[in-house]
Amino acid sequence: MREITYAQAINEALIQNLEKDERVFLMGEDIGRYGGIFQVTAGLLDKFGPERIIDTPISESGFVGAAIGAAMTGMRPVVEIMFIDFTTCAMDMIVNQMAKIHYMFGGRGKVPMVLRINIGAGRGAAAQHSQSFHAFFMHIPGLIVVTPSTPYDAKGLMNTAILDENPVIFVEHKKLYATKGPVPEEYYTIPFGKADIKRPGRDITIVATHAMVGRSLNVCEEFSKEGIEIEVVDPRTLQPLDKESILESVKKTGRLIVADEGPVTCGVSSEISALVAEEAIEYLQAPILRVGSPYTPVPFSPPLEKIYIPDEEDVKETVNKMKDYL
Amino acid sequence: MMKESEFPNRTVEIRAVPAARRRAEREGIDLSLVEGSGPGGIILEKDIEHFRITQGAVEGTLVTEKIHASSLARKLAEKRGVPLETVEGTGTRGRIMMGDVIKAVEKPVVPSEEKAIFGQTIPMTQMRKVIARRMAQSAFTAPHIYFFNDVEMDKLNQFREEMLPDFEKQFNLRISINDLFIKAVALTIREFPVLNAMVKGEEIYVMPDINVGLAVAMEEGLIVPAIPQADQLGLERIAQMRSDLVDRAKKGKLKLEEIERGTFTISSLAQYDITFFTAILNPPQSGILTIGKTCDHLALKGSQVIVKKVARFGLSVDHRIVDGAVAASFLQSLKNRLENPTVTFVHL
Chain B
161 MREITYAQAI
171 NEALIQNLEK
181 DERVFLMGED
191 IGRYGGIFQV
201 TAGLLDKFGP
211 ERIIDTPISE
221 SGFVGAAIGA
231 AMTGMRPVVE
241 IMFIDFTTCA
251 MDMIVNQMAK
261 IHYMFGGRGK
271 VPMVLRINIG
281 AGRGAAAQHS
291 QSFHAFFMHI
301 PGLIVVTPST
311 PYDAKGLMNT
321 AILDENPVIF
331 VEHKKLYATK
341 GPVPEEYYTI
351 PFGKADIKRP
361 GRDITIVATH
371 AMVGRSLNVC
381 EEFSKEGIEI
391 EVVDPRTLQP
401 LDKESILESV
411 KKTGRLIVAD
421 EGPVTCGVSS
431 EISALVAEEA
441 IEYLQAPILR
451 VGSPYTPVPF
461 SPPLEKIYIP
471 DEEDVKETVN
481 KMKDYL
Chain S
432 MMKESEFPNR
442 TVEIRAVPAA
452 RRRAEREGID
462 LSLVEGSGPG
472 GIILEKDIEH
482 FRITQGAVEG
492 TLVTEKIHAS
502 SLARKLAEKR
512 GVPLETVEGT
522 GTRGRIMMGD
532 VIKAVEKPVV
542 PSEEKAIFGQ
552 TIPMTQMRKV
562 IARRMAQSAF
572 TAPHIYFFND
582 VEMDKLNQFR
592 EEMLPDFEKQ
602 FNLRISINDL
612 FIKAVALTIR
622 EFPVLNAMVK
632 GEEIYVMPDI
642 NVGLAVAMEE
652 GLIVPAIPQA
662 DQLGLERIAQ
672 MRSDLVDRAK
682 KGKLKLEEIE
692 RGTFTISSLA
702 QYDITFFTAI
712 LNPPQSGILT
722 IGKTCDHLAL
732 KGSQVIVKKV
742 ARFGLSVDHR
752 IVDGAVAASF
762 LQSLKNRLEN
772 PTVTFVHL
């Protein structure tokens with residue numbers, strides 16, 4: 161199969177949806193002429209024109225609100241916010257409007273829109289452009305939270321997101337945009353709430369999201385040589401969360417590591433750890449361990465930022481800790 | 432509101448992962464007897480598995496770590512030289528407290544007047560509890576069958592006596608008749624691997640090494656240290672190890688591993704006036720050899736009446752995996768070895 165990047169895979173999904181459904185349109189800062197901060201919407205303005213690819217002023221609250229209104233009246237907006245950090249400017253729209261309308265109108269209104277954001281440190285972009293607080297959206301009832309880790313998943317999940325009748329927070333990862341992987345040219349969808357076993361194993365389960373999936377997979381081979389087989393489970397969507405697959409894997413291996421790039425404090429990994437502690441504690445052969453960012457703002461200094469980012473070394477160290485329980 | 436002192440006492444000192452706790456509960460295993468191999472001694476599920484497989488060898492779980500005792504009690508016991516396994520615990524679940532050790536020091540365990548013991552309830556020591564549980568487990572899970580034969584001891588005794596001076600000179604060791612038994616048994620097991628096996632679920636696991644245990648009787652109970660790979664060791668090494676192990680067994684200084692490694696047991700009552708006896712298998716082993724006293728038997732040699740020294744050997748086997756014919760052949764083969772010591776022990 162041909163290989164394209166994560167950014168190209170999302171771009172391709174957007175094109176296919178723009179072509180097949182005239183209700184679909186895009187909004188965001190610099191998504192038109194500039195092609196989006198990470199070039200995810202590159203070329204779309206020329207292809208679909210300024211009526212459907214709309215560059216907005218710098219007002220997250222304004223254009224997210226506009227998209228919510230458009231969605232309620234039958235459109236399918238896909239909105240880009242440059243960095244997850246800027247969603248804070250639109251929090252009222254996201255948390256109080258987008259997530260609540262369907263519920264508060266007794267099901268007689270719906271908001272079928274996609275809000276594209278990205279997380280991840282490692283680009284020297286400092287504390288206001290590098291955060292990974294996607295766990296926040298997992299905390300808000302009424303939102304679907306999607307976290308693709310590969311180009312294949314990114315395209316399939318974007319297609320599902322645009323089809324879905326509910327608001328979707330589509331969380332991309334900056335460091336993944338340039339990674340390549342096999343992606344079918346044709347249109348396909350990946351169901352929400354269905355985890356993907358990225359690597360089967362029997363000794364340790366790593367539930368990993370986003371870039372942590374690849375980082376975890378990179379260390380698996382090394383441990384495999386020692387006879388330790390790690391299973392990597394990628395939930396793909398945090399809301400809805402595929403509890404069954406996670407629990408099934410932990411019941412098999414008895415050991416759980418959760419790797420998510422957000423801060424571990426009240427993070428995605430906290431939620432998944434708690435789930436396992438509540439529903440499968442009697443299967444645990446070891447304490448649950450977490451890999452994530454430290455509880456501090458993302459540093460600007462490149463050496464400090466490197467230490468801050470949970471990487472292969474951190475995964476390795478955590479697996480080594482767990483090895484004592486094997 | 433309850434005062435804190437009224438809260439039920441919790442046994443916090445046992446650290447085990449949840450999966451190990453679940454397994455122990457399901458299988459009725461006392462976690463306080465299990466040695467943990469995880470970080471900081473935490474008990475892992477595989478330790479339960481290991482315990483189940485090897486608890487057989489731990490006839491007397493003498494290792495102090497496994498005895499429930501407060502750290503103050505432990506320290507005091509060590510200082511006063513009181514073996515903890517002889518102390519009766521009065522704490523929660525029989526935990527030995529400092530007061531118990533003090534009591535034990537003040538009141539040495541001299542069987543006072545006889546009348547004191549009749550009609551009394553005596554709590555079991557840790558060691559007795561382990562023995563009780565293991566013997567019951569063995570008797571009720573492994574169907575035992577028993578075999579006996581008479582072994583002529585004249586040549587073996589003579590062989591030993593001839594070796595004694597040389598051995599003392601060369602190795603400064605006094606070889607015991609038991610050393611010869613250990614070696615001969617180990618060699619015979621090589622021919623009959625199923626006597627070095629154990630039942631594992633629905634499989635028969637033949638253990639890799641032939642480690643022959645020798646039952647050592649002590650006041651508090653029985654303990655079986657084992658000579659590793661006895662089939663491959665020379666007699667001098669066997670004698671050396673046997674004397675060291677028996678010595679330390681009597682002092683309660685054995686390492687758990689020295690007990691756990693046994694794959695076959697020899698139990699001798701040759702020093703008693705006992706003609707023969709049966710034994711309960713030392714789980715999970717499949718065979719145990721018993722040796723009675725040596726008696727004089729009259730026999731005919733041509734037309735002359737002569738006296739032969741004869742000992743009666745017994746073999747108990749786990750009938751789940753050892754059949755009568757195999758057990759009989761084993762005893763027969765062992766007899767041949769012991770009755771022809773030069774063939775058996777020379778050039779080894």
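So the protein lines, in turn, are chains B and S.
Using the numbering used here, read the first sequence as starting at 161 and increasing by one per residue.
Using the numbering used here, read the second sequence as starting at 432 and increasing by one per residue.
All residues carry an ideal CB built from backbone N, CA and C; glycine is no exception.
Pull up the distance between the alpha-carbon of residue i and that of residue j, whole angstroms please.
i         : j         : result
Pro772(S) : Val741(S) : 15 Å
Lys354(B) : Asp749(S) : 52 Å
Arg193(B) : Asp215(B) : 8 Å
Leu317(B) : Gly632(S) : 47 Å
Tyr455(B) : Val513(S) : 52 Å
Arg359(B) : Arg565(S) : 44 Å
Arg783(S) : Pro308(B) : Because chain S spans 432 through 779 in this model, residue 783(S) falls outside it and cannot be assessed.
Ile254(B) : Phe198(B) : 22 Å
Lys207(B) : Gly196(B) : 15 Å
Leu435(B) : Leu664(S) : 56 Å
Leu700(S) : Gly723(S) : 5 Å
Asp394(B) : Gln660(S) : 50 Å
Ser430(B) : Ser219(B) : 33 Å
Leu769(S) : Ala680(S) : 27 Å
Leu731(S) : Ala646(S) : 36 Å
Thr339(B) : Thr413(B) : 30 Å
Looking at the structure shown, is residue i part of a helix, part of a strand, or coil, going by DSSP?
i         : result
Asn171(B) : helix
Lys385(B) : helix
Phe547(B) : An answer regarding residue 547(B) cannot be provided, because it is not within the stretch 161 to 486 covered by chain B.
Arg493(B) : This structure gives no information on residue 493(B), because the portion of chain B shown stretches from 161 to 486.
Leu416(B) : strand
Thr461(B) : Reading off the sequence shown, one finds Ser at residue 461(B), where the question assumed Thr. Here Ser461(B) sits in coil by DSSP.
Leu493(S) : Low per-residue confidence applies at Leu493(S): pLDDT is 40, beneath 50, and the placement is therefore not dependable enough to give any value.
Ala573(S) : coil
Gln789(S) : Missing from the structure shown is residue 789(S); chain S here goes from 432 to 779 and no further.
Ile488(B) : No answer is possible for residue 488(B): it lies beyond the span of chain B, which begins at 161 and ends at 486.
Ile654(S) : strand
Phe198(B) : coil
Lys334(B) : helix
Pro447(B) : coil
Phe623(S) : coil
Asp484(B) : coil
Gln176(B) : helix
Asp474(B) : helix
For residue i, which of the options has the nearest alpha-carbon?
i         : options                                       : result
Ala710(S) : Arg692(S), Lys681(S) and His575(S)            : His575(S)
Asp181(B) : Ile244(B), Arg236(B) and Phe223(B)            : Arg236(B)
Ile116(B) : Lys476(B), Gly374(B), Pro311(B) and Met161(B) : Since the displayed chain B opens at 161 and closes at 486, residue 116(B) lies outside it and no answer follows.
Arg450(B) : Val458(B), Ile467(B), Phe460(B) and Leu416(B) : Leu416(B)
Gly525(S) : Glu770(S), His499(S) and Arg768(S)            : His499(S)
Ala756(S) : Leu464(S), Ser502(S), Ser501(S) and Tyr577(S) : Tyr577(S)
Gly652(S) : Thr517(S), Ser468(S), Gly459(S) and Gly467(S) : Thr517(S)
Gly374(B) : Val331(B), Ile432(B), Leu464(B) and Lys335(B) : Lys335(B)
Glu325(B) : Leu204(B), Lys466(B), Ala259(B) and Phe246(B) : Ala259(B)
Pro462(B) : Ile469(B), Gly284(B), Glu346(B) and Thr413(B) : Gly284(B)
Lys411(B) : Ala419(B), Ile366(B), Val239(B) and Glu332(B) : Ile366(B)
Ala419(B) : Pro470(B), Asn171(B), Pro400(B) and Thr413(B) : Pro470(B)
Pro210(B) : Val184(B), Cys380(B), Leu377(B) and Val306(B) : Val184(B)
Leu604(S) : Phe612(S), Ala547(S), Gln671(S) and Ile641(S) : Gln671(S)
Val677(S) : Met649(S), Phe695(S), Tyr703(S) and Glu691(S) : Met649(S)
Thr233(B) : Ser433(B), Gly269(B) and Arg276(B)            : Gly269(B)
Decide if residue i is buried, meaning its Cβ has at least 16 other Cβ atoms within 10 Å, or exposed.
i         : result
Asp252(B) : exposed
Leu595(S) : exposed
His262(B) : buried
Ile658(S) : buried
Phe571(S) : exposed
Ser717(S) : buried
Ala501(B) : The structure shown has nothing for residue 501(B), since chain B only spans 161 to 486.
Gln291(B) : buried
Met638(S) : buried
Gln557(S) : buried
Secondary structure, beta strand (DSSP E): runs of 3+ residues fully inside the region 263-289 of chain B: Segments of the beta strand (DSSP E) lying fully in the region 263-289 of chain B: 274-279.
Only counting runs of 4 or more residues, tell me where the alpha helix (DSSP H) segments fall wholly within the region 200-246 of chain B, in order along the chain. Those alpha helix (DSSP H) runs which fall completely within the region 200-246 of chain B and span 4+ residues are 204-208 and 220-232.
Entirely within the region 662-749 of chain S and at least 3 residues each: give me those beta strand (DSSP E) ranges in chain order. Runs of beta strand (DSSP E) with 3 or more residues, each lying fully within the region 662-749 of chain S, are found at 695-699, 718-732 and 735-749, listed in chain order.
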